[in-house]
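Protein chains in written order, with our numbering: chain A, 81 to 280; chain B, 81 to 280.
Written out below as structure tokens is the structure these notes cover.
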DNA sequence: GTCTATAATTCGATAGAC
DNA sequence: GTCTATCGAATTATAGAC
């Protein structure tokens, strides 16, 4: 292995940053190599030389380490808030997650990445709380649905109500939802419609 | 007005159905007029003749009446379940909502439609429950985030856990979330981080 | 109404000079 | 390493014959 930083690494990093920005704001199909190269103030042919193809460029740009931190260190009842805060922070940190989300809607490779990143990462947390793996996978899916839904409405669609909320407000509203998905007893799978709790 | 059905209406309907399918499975950019025309077994030039442009075709295909039913007739505590069930049914009814969602990620016109459809429709329900309009708008946004997040994971990304769930299971899990967003007291906006409830 | 032909762009990717 | 030139394919959209 050679870990001496080459001169081309700065150029590569500039391309990746520009790519994240374009994929995040335009999605995979509309983000053109020409536009990315222009943003990075470089020749379009260089992008191809460095990354080989648009597809490979996307994979490199969407590379992300989503390591959820000390999951075992936080008290059980604060898990929902911890998770929501972590994701909101990651989303607002740079454009990587947004690039992934926006591209995943129309690009199958991006959707694959999204599935593995969110599915596998969140399910790790869920499995540490629920020994029933089959149930833990569902809990993780439900958590992902709320996290991704918030990100979709707040960062991609820019729904005014969601986009105007403060970070803390989003966390305060969503944390109980995630907490419930992670820890609540699963709803009984009754055969006939809606089980209405009897008033006593 | 002329309400005699023209002979071309059947052709128009076939084009719209094919367009919804393509927009739903490919998104706006990748759904080509050629492919839509092929699905409808018609000449591509006819699509242009009938709808003028791809953009106008999309608008016509994404036209949908999202009227939420008898909101005042359902008991207050069943509102969450009613809403979730309504949206799941609408999503699985045809490809219209899916076409709208998948296209909204990369097409601004589609995003506009999504914002107005979900924002304005759900906020009507929220306002009937909460006189504070500013708060009602936020409640509607939160509901939309969970509904759209579920649809994104289940129908667009096809997350295995969400896609494998039965309709009733999805409703049973999500209904309490939506119910809480609509009716729960808003979280206190404390200045300093997370308010941890004191154990007694 | 229907279809052929094609205009006018735009894009990813390649070849090759320097 | 860098850039010019360009290929080949695909797209929306238009013009016009029948």
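Here a beta-carbon is modelled for each residue, glycine too, at the ideal position from N, C-alpha and C.
All values derive from a computational prediction rather than experimental measurement.
Practice task
Note down, in chain order, all residues in the region 176-189 of chain B with a beta-carbon under 9 Å from any beta-carbon belonging to chain A.
Solution key: 181, 182, 183, 184, 185, 186 and 187
Handout entry: Sub-7 Å separation of residue 186(B) and residue 107(A) beta-carbons
Key = yes
Practice task
Output the distance between the C-alpha atoms of residue 244(A) and residue 120(B), rounded to the nearest integer angstrom.
Solution key: 43 Å
Practice task
Please confirm if residue 195(A) has its CB atom under 7 Å from at least one CB of chain B.
Solution key: yes
Problem - Any C-beta of chain B under 7 Å from that of residue 280(A) - result: With a pLDDT of only 45 at residue 280(A), under the threshold of 50, the placement of this residue in the model should not be trusted; the figure read from the coordinates follows. No, because no Cβ of chain B sits closer than 7 Å to the Cβ of residue 280(A).
Problem - C-beta contact flag for residue 257(A) and residue 263(B) at 7 Å - result: no
Practice task
Starting from the Cα of residue 240(A), find the closest Cα among 203(B), 94(B), 144(B) and 165(B) and give me that residue.
Solution key: 203(B)
Problem - residue 273(B) versus residue 160(A) - alpha carbon distance - result: Because residue 273(B) carries a pLDDT of 49, less than 50, the predicted location of this residue cannot be relied on, and no value is offered for it.
Problem - N- and C-terminal bounds of the alpha helix (DSSP H) containing residue 208(A) - result: 188-209
Handout entry: Beta carbon of residue 141(A) nearer than 7 Å to that of residue 110(A)
Key = no
Practice task
Taking only the alpha-carbon atoms, compute the straight-line gap between residue 221(B) and residue 233(A) and give it to the nearest angstrom.
Solution key: 8 Å
Practice task
Give a yes or no on whether 7 Å exceeds the smallest Cβ distance from residue 171(A) to chain B.
Solution key: no
Exercise for the section: Identify which residue in 128(B), 146(B), 199(B) and 196(B) has its Cα closest to the Cα of residue 92(B). Expected result: 128(B)
Problem - Which of helix, strand or coil DSSP assigns to residue 266(A) - result: coil
Problem - CA nearest to the CA of residue 182(A), picked from 102(A), 96(A) and 149(A) - result: 102(A)
Practice task
Could you name the residues of chain B that residue 236(A) contacts, counting a contact when the two beta carbons are closer than 7 Å?
Solution key: 185
Practice task
Determine contact between the region 190-207 of chain B and the region 223-232 of chain B, defined as no fewer than three beta-carbon pairs at a distance below 8 Å.
Solution key: yes
Problem - Exposed unless 16 or more other CB atoms sit within 10 angstroms - verdict on residue 199(A) - result: buried
Handout entry: residue 125(A), buried or exposed, once every other Cβ within 10 Å from all chains shown has been counted against 16
Key = exposed
Handout entry: Under the three-state DSSP convention, the category residue 112(A) falls into
Key = coil
Practice task
Check the Cβ of residue 241(A) against every Cβ in chain B and list those closer than 7 Å, keeping chain order.
Solution key: 217, 218, 220 and 221
Practice task
Check the C-beta distance from residue 205(B) over to residue 163(B) and give it rounded, since I have them as a contact under 8 Å.
Solution key: 7 Å
Practice task
Give a yes or no on whether the C-beta atoms belonging to residue 116(A) and residue 98(A) are separated by under 7 Å.
Solution key: yes
Practice task
Report all residues from its chain with a CB closer than 8 Å to the CB of residue 157(B); omit the five preceding and five following residues, and keep chain order.
Solution key: 259
Problem - Cβ neighbours of residue 209(B) in the same chain (closer than 7 Å, five flanking residues each side left out) - result: 262 and 263
Problem - Whole-Å CB distance - residue 95(B) paired with residue 168(B), under 8 Å assumed - result: Actually they do not touch by this definition, with Cβ atoms about 27 Å apart.
Handout entry: Simplified DSSP state of residue 143(B), which is helix, strand or coil
Key = coil
Exercise for the section: Go ahead and pull the three-state DSSP assignment for residue 95(B). Expected result: helix
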